[in-house]
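Undergrad:
Rendered as structure tokens:
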């Protein structure tokens with residue numbers, strides 16, 4: 001194909017020219033095996049990674065398909081070494097299988113005896129494998145199922161887990177589709193997950209991941225343990241489940257710092273599970289409190305390390321991971337792959353946005369020139385204080401002021417990191433403030449008031465980063481953040497991406513102090529937004545009419 | 001009876017020219033006579049040399065002839081075909097090998113077409129040929145363990161086998177096709193009994209205490225008269241994967257372009273920070289590692305780049321007191337060229353370089369690390385190996401991607417007596433891939449042209465993708481050139497962006513640093529934006545424009561400059577006066593601030609000048625004065641190429657003139673040799689150096705004959721020559737070798753240590769290592785004489801006087 005839309009680079013990136021006639025067909029063809037790395041306006045960059053190729057294998061694609069796709073759409077001859085590498089990498093998946101043997105229980109079965117020999121020789125598998133049955137089979141202790149899978153991914157021989165799942169305790173759950181129904185992509189996600197057994201569903205913020213969870217629970221119809229990031233999020237899950245499914249409040253338990261209820265459907269926070277007392281995780285028994293048939297992990301990219309370790313012991317139960325991005329700031333993507341499972345469904349933000357399921361958004365960075373005395377303070381400050389000084393520059397209040405008044409009448413969130421600054425801002429704007437210190441009851445009240453439009457401006461700290469459903473928020477202004485975290489950026493953007501009743505564009509402002517580390521961190525985060533394909537501009541605070 | 005020399009004399013000029021072209025050592029220095037040519041062609045060193053480069057099949061043919069000759073007499077072509085086990089399909093290949101052997105003068109056919117080995121060939125091939133035990137009678141040496149006894153029954157050695165114990169079969173089977181030596185089985189086993197039986201019947205002979213040997217005759221009988229199981233046919237590359245020509249071209253072009261870019265980066269780096277030369281002449285391991293990291297390649301790759309750039313004369317030792325490696329003047333000319341000619345320079349240097357960069361980083365015999373650019377890393381055989389490897393690839397079907405093992409097998413067949421190590425073959429293939437001579441493992445058009453001496457630069461240029469002058473600029477501050485960027489665009493990207501990935505396309509990122517670099521290079525923000533928007537499809541994205549403007553805003557807010565001395569004073573009026581003082585103008589004083597003045601003179605000069613104006617300055621501590629040193633640009637002229645080019649074969653014309661001389665020098669009667677130059681020679685005589693040098697050789701030979709005539713030894717050379725005798729040292733070796741082979745007797749005139757000569761009739765056995773071993777039948781003794789003591793030789797087929 002002399003002028004295909006795809007350029008295959010030898011460093012395993014794929015460049016897709018989006019204005020090309022065949023761009024759509026090509027995107028659909030490469031999506032199963034290539035990870036979308038960035039999606040700015042003209043050329044989207046995908047990357048071929050071992051995990052991505054193994055995900056594709058897990059989804060039933062073979063190397064030949066991948067190679068054919070690359071050859072079909074590539075504009076230039078595809079680097080030969082890359083094709084060889086793709087075939088080689090993909091052939092590594094599934095040469096080892098975890099299977100249930102009627103006599104010996106869990107067994108690691110090799111389709112290729114040499115691979116088993118190599119794996120058994122590794123020091124990492126020592127102690128995980130039991131007696132060798134023959135050339136191609138070796139016994140695995142059931143408790144090491146997850147651990148072994150982790151090790152095998154690290155060794156480059158990911159095992160296909162065919163050992164199946166325990167059914168768990170049956171519990172009738174149905175979807176109450178009265179006046180709404182699962183969107184097509186949500187249905188596909190549920191199907192993809194259930195067909196695969198365990199795995200991760202990747203959907204953008206605001207695309208209704210909770211409903212995918214509910215759909216999976218209805219399909220499974222078993223007792224379910226849902227792990228979420230915090231209490232507010234837990235309450236939202238509960239409300240959503242009560243509203244969308246046949247479950248009643250009595251069937252849903254909350255297991256958090258304040259309440260310890262174990263019911264057929266239990267929602268627990270990561271925090272309570274990872275609480276240690278005298279070096280011991282005190283709430284581990286929850287995992288065995290019932291015969292769970294399904295475990296749902298919300299925001300998989302935030303799973304703390306101890307949860308990984310606990311999950312390693314839960315390999316016999318179905319696991320569903322929900323996330324907006326597989327990118328982890330700590331680089332532990334391979335553990336998500338081996339312990340939760342391969343990616344089962346993925347839909348790019350822009351696709352869902354173009355289908356109208358999430359609101360289009362426009363991102364603006366406002367650069368504020370610091371007055372001379374602040375610049376002097378900044379220049380002479382200790383390095384560790386610099387970010388705080390820059391992020392909490394007094395001038396930001398005026399910028400926020402002008403932005404809020406520009407969007408008067410729209411539901412506006414002002415998001416920040418530093419409590420002093422937020423207190424200031426709340427006072428300045430005459431708006432309510434939610435921080436970690438605000439009681440859950442008060443938070444609920446303020447969020448409810450915001451949802452109903454009773455209040456239009458809300459100043460929030462990072463407690464609002466995750467899983468808080470504020471459908472009508474259409475303007476977000478962030479004044480400070482945690483050192484340029486891309487994931488935080490995605491979360492904050494997600495707050496304003498629920499489709500608006502009138503279909504209008506959401507606005508996402510970041511206020512930064514010019515020529516400071518604030519600007520450097522902002523550059524990092526904004527790169528992420530631009531890579532996600534959001535229109536992105538930079539303006540000077542002066543242009544908004546804010547005086548220096 | 002026909003002789004080797006006689007055969008050689010009867011060759012046509014064309015045949016002789018072909019011989020000299022194929023065996024260049026015979027023509028250098030020019031041989032004077034046919035006899036000396038024959039002597040040279042049968043000398044051990046020349047035979048060893050030619051045997052080194054014959055293929056496995058030719059070797060088989062030679063072995064067959066050597067083995068058959070003493071048994072059945074000189075074999076015919078048919079005999080040889082049968083002996084190597086050639087079926088009808090293989091016959092053409094074997095016939096080709098026989099022709100080769102004859103053309104190389106390793107075999108010579110007599111008038112009946114029977115093939116004779118060249119004198120000396122038996123020794124050159126060595127004792128053990130075709131997996132057979134050393135032969136018994138042909139060279140006068142006995143097989144170890146004494147002569148076979150009872151087997152010499154009329155009905156052949158195998159007749160006794162009918163009574164042999166069952167275990168004898170496997171024993172013989174194991175030894176039949178060689179190697180002919182076996183370990184004696186432990187006593188008490190059936191195999192040991194069988195061996196004892198075989199020994200008793202002469203089918204095996206004892207070697208040393210623990211080994212037994214299968215005698216050559218027995219082995220040949222077991223082989224059914226054949227010498228080889230099957231002819232050694234050239235390995236085929238039929239099962240090698242074949243690459244798509246487009247892929248080969250694209251990969252080759254990509255690699256070539258990449259290498260050229262890396263070399264350019266290497267030169268830039270070394271221009272800025274030249275690495276030191278080690279005492280041994282090489283590049284330090286740490287410098288190599290640093291270079292590798294800077295170029296983002298591994299150490300081995302960096303070593304290869306450095307070596308290739310040096311081979312192309314782009315880098316050299318600057319010869320300073322503490323020497324460094326720096327780019328040469330030639331590097332500037334090189335850098336100014338397009339990609340293809342730049343590649344051409346590197347590729348030619350690589351092909352002919354004797355360097356072995358793959359050894360860099362390994363340890364030598366003394367355990368020291370081998371350094372890149374170390375003079376010790378040259379090996380004279382490397383250029384030949386590179387050509388040989390590429391030859392194998394060129395001989396394979398177009399697009400065939402041979403593995404290192406395939407190439408190695410082919411080389412092994414081509415010259416079994418000189419097989420390069422597999423690791424060297426692998427290294428050559430790796431280098432060729434890096435250079436783009438190979439693409440996806442197959443020989444690319446450019447590589448083919450390079451090997452053939454055609455225009456490789458043009459071939460590469462044809463494969464390089466058409467340049468793209470358009471870039472897609474995006475809001476995340478990246479840009480993508482959807483193809484190979486043209487020169488202008490490449491310059492722009494070099495200037496203002498950081499390359500993130502290269503391949504079919506180039507992706508770049510604009511950062512504050514990269515934009516700053518462009519501004520530092522003298523571009524203004526408007527310039528840069530204008531160039532970007534000219535190259536961009538669509539308009540320049542707002543964030544990029546903002547970035548450029550923002551960087552430009554900060555650019556130059558700090559200023560730095562050079563001054564040699566300063567004056568400071570609390571009184572601005574005083575300094576203002578000094579700045580405008582015409583008497584100080586030569587010091588170029590200027591005010592930096594109302595109370596600070598700087599000048600270009602040294603503090604001492606400045607102080608003196610101020611004092612001369614009647615002021616009373618005091619010197620200050622030197623701290624605060626700015627001295628800005630700019631590193632001078634360093635260049636040296638490249639040394640003459642260190643690598644000696646592969647010696648060229650004599651061109652056919654040169655060989656022709658050698659042959660012409662031979663003919664002239666070989667006229668039997670001096671009377672007829674009065675030079676009647678034929679028209680051909682006359683044209684050559686027209687001042688050509690070659691002809692002149694031939695004349696010199698001719699003159700030398702003539703004067704030598706004259707000298708021999710004066711001394712009058714052995715009643716004059718005329719008589720000796722008429723009877724096939726000679727006193728020419730080179731010629732008498734041939735006579736001796738021929739006699740040894742034909743097992744005839746010769747009269748030998750020997751000069752003793754006291755200077756007296758004596759004539760003896762002897763049967764030569766072997767001429768080797770400057771000595772003649774011969775049998776004196778009259779005294780029934782063996783004697784060994786140094787060849788330099790032999791003054792003349794005369795065949796004794798006419799009864800000796």
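Chains as they are written, first to last, in UniProt numbering: chain A, 1 to 548; chain B, 1 to 801.
Beta carbons: idealized from backbone N, C-alpha and C, even for Gly.
Answer yes or no: do residue 153/A and residue 189/A have a C-beta to C-beta separation smaller than 8 Å?
TA: Taking 8 Å as the Cβ cut-off, residue 153/A and residue 189/A do not qualify as a contacting pair.
Undergrad: Please compile the residues from chain A whose C-beta is within a distance smaller than 7 Å of the C-beta of residue 250/B.
TA: Chain A residues near residue 250/B: 76 and 77.
Undergrad: Strictly under 8 Å for the Cβ-Cβ distance: is residue 387/A near chain B by that measure?
TA: It does not: the Cβ of residue 387/A has no partner Cβ on chain B nearer than 8 Å.
Undergrad: Measure how close the beta-carbons of residue 174/A and residue 207/A come, nearest whole angstrom, since I'm counting them as under 8 Å.
TA: With 8 Å as the limit, residue 174/A and residue 207/A do not qualify as a contact, their Cβ atoms being about 23 Å apart.
Undergrad: Using a C-beta cutoff of 8 Å, does residue 503/B count as contacting chain A?
TA: Cβ-Cβ to chain A under 8 Å: yes for residue 503/B.
Undergrad: Could you tell me the boundaries of the beta strand (DSSP E) in which residue 274/A lies?
TA: Neither: residue 274/A is in no beta strand (DSSP E) and is coded neither H nor E.
Undergrad: Do residue 130/B and residue 213/B have their CB atoms nearer than 8 Å?
TA: No.
Undergrad: Got a sec: is the Cβ-Cβ distance from residue 7/B to anything in chain A below 8 Å?
TA: So no, residue 7/B is outside the interface.
Undergrad: Suppose you measure from the CA of residue 128/B to the CA of residue 179/B; what does that come to, to the nearest Å?
TA: C-alpha separation (whole angstroms): 9 Å.
Undergrad: Report buried or exposed for residue 186/A, applying the criterion of at least 16 other Cβ atoms within 10 angstroms of its Cβ.
TA: So residue 186/A counts as buried.
Undergrad: Below 6 Å CB to CB, which residues in the same chain sit around residue 328/A once its five sequence neighbours on both sides are set aside?
TA: Taken in chain order, the residues that qualify are 301.
Undergrad: In the DSSP assignment, the beta strand (DSSP E) including residue 161/A goes from what residue to what residue?
TA: Counting along the chain, the beta strand (DSSP E) containing residue 161/A begins and ends at 159 to 161.
Undergrad: Using DSSP with H/G/I as helix, E/B as strand and the rest coil, what is residue 529/A?
TA: The answer is helix: DSSP assigns residue 529/A an H, G or I state.
Undergrad: Considering residue 449/B, what are the terminal residues of the alpha helix (DSSP H) in which it resides?
TA: Looking at the DSSP string, the run of the alpha helix (DSSP H) that includes residue 449/B is 445 to 452.
Undergrad: Give the DSSP-derived three-state secondary structure of residue 330/B in the structure shown.
TA: Three-state result, residue 330/B: helix.
Undergrad: How would you label residue 626/B, buried or exposed, when you count the other beta carbons within 10 angstroms and need 16 or more for buried?
TA: Note that residue 626/B scores 43 on pLDDT, short of 50, meaning its location in the model is unreliable and no value can be drawn from it.
Undergrad: 8 Å is my cut-off, CB to CB: does residue 297/B come that close to chain A?
TA: Chain A, which has no Cβ nearer than 8 Å to the Cβ of residue 297/B, makes this no.
Undergrad: Looking at C-beta atoms only, is the number of pairs between the segment 335 to 355 of chain B and the segment 446 to 456 of chain B that lie closer than 8 Å three or more?
TA: Contact holds: three or more Cβ-Cβ distances are below 8 Å.
Undergrad: Judging by CA-CA distance, which residue of 181/B, 51/B and 90/B is the nearest neighbour of residue 124/B?
TA: The shortest Cα separation from residue 124/B among 181/B, 51/B and 90/B belongs to 51/B.
Undergrad: Could you pull the start and end residues of the alpha helix (DSSP H) that residue 215/A belongs to?
TA: Looking at the DSSP string, the run of the alpha helix (DSSP H) that includes residue 215/A is 209 to 220.
Undergrad: Near residue 72/B, what residues of its chain come up, given a Cβ to Cβ distance below 8 Å and the 5 sequence neighbours on each side ignored?
TA: Here the set comprises 79.
Undergrad: Between 522/B, 482/B, 446/B and 295/B, which lies nearest to residue 17/A when the distance is taken from Cα to Cα?
TA: Per the Cα distances, 482/B.
Undergrad: Give the residues from the segment 214 to 248 of chain B that approach chain A closer than 9 Å (Cβ to any Cβ), ordered along the chain.
TA: The residues in question are 243, 244, 246, 247 and 248.
Undergrad: In three-state DSSP terms, what is residue 266/A?
TA: Residue 266/A: strand per DSSP, three-state reduction.
Undergrad: Is any beta-carbon of chain B found at less than 8 Å from that of residue 510/A?
TA: Chain B contact via Cβ: absent.
Undergrad: Candidates 203/B, 200/B, 338/B and 119/B: which alpha carbon is nearest residue 43/B's?
TA: Nearest C-alpha to residue 43/B: 119/B.
Undergrad: Strictly below 8 Å CB to CB, what residues from chain A border residue 472/B?
TA: Here the neighbours are 17, 42 and 43.
Undergrad: To the nearest angstrom, report how far apart residue 378/A and residue 592/B are at their CA atoms.
TA: Going by the C-alpha atoms only, they are around 28 Å apart.
Undergrad: Got a sec, what are the start and stop residues for the beta strand (DSSP E) residue 559/A sits in?
TA: Any answer about residue 559/A is impossible in this case: the structure gives chain A only from 1 up to 548.
Undergrad: Say whether chain B places a C-beta atom closer than 8 Å to the C-beta of residue 316/A.
TA: Chain B contact via Cβ: absent.
Undergrad: Classify residue 396/A: buried if its beta carbon has 16 or more other beta carbons within 10 angstroms, exposed otherwise.
TA: Buried.
Undergrad: So, does the CB of residue 27/A fall closer than 8 Å to a CB anywhere in chain B?
TA: Chain B, which has no Cβ nearer than 8 Å to the Cβ of residue 27/A, makes this no.
Undergrad: Under a Cβ-count criterion, where at least 16 other Cβ atoms within 10 Å of its own Cβ denotes burial, should residue 232/B be classed as buried or exposed?
TA: Residue 232/B comes out buried.
Undergrad: Would residue 415/A pass as an interface residue toward chain B - the criterion being a Cβ-Cβ separation below 8 Å?
TA: It does not: the Cβ of residue 415/A has no partner Cβ on chain B nearer than 8 Å.
Undergrad: Do the segment 400 to 418 of chain A and the segment 427 to 446 of chain A touch if we need at least three Cβ pairs shorter than 8 Å?
TA: They touch, by the three-pair rule.
Undergrad: Tell me whether residue 480/B sits in a helix, a strand or coil according to DSSP, three-state version.
TA: Reduced to three states, the DSSP call for residue 480/B is strand.
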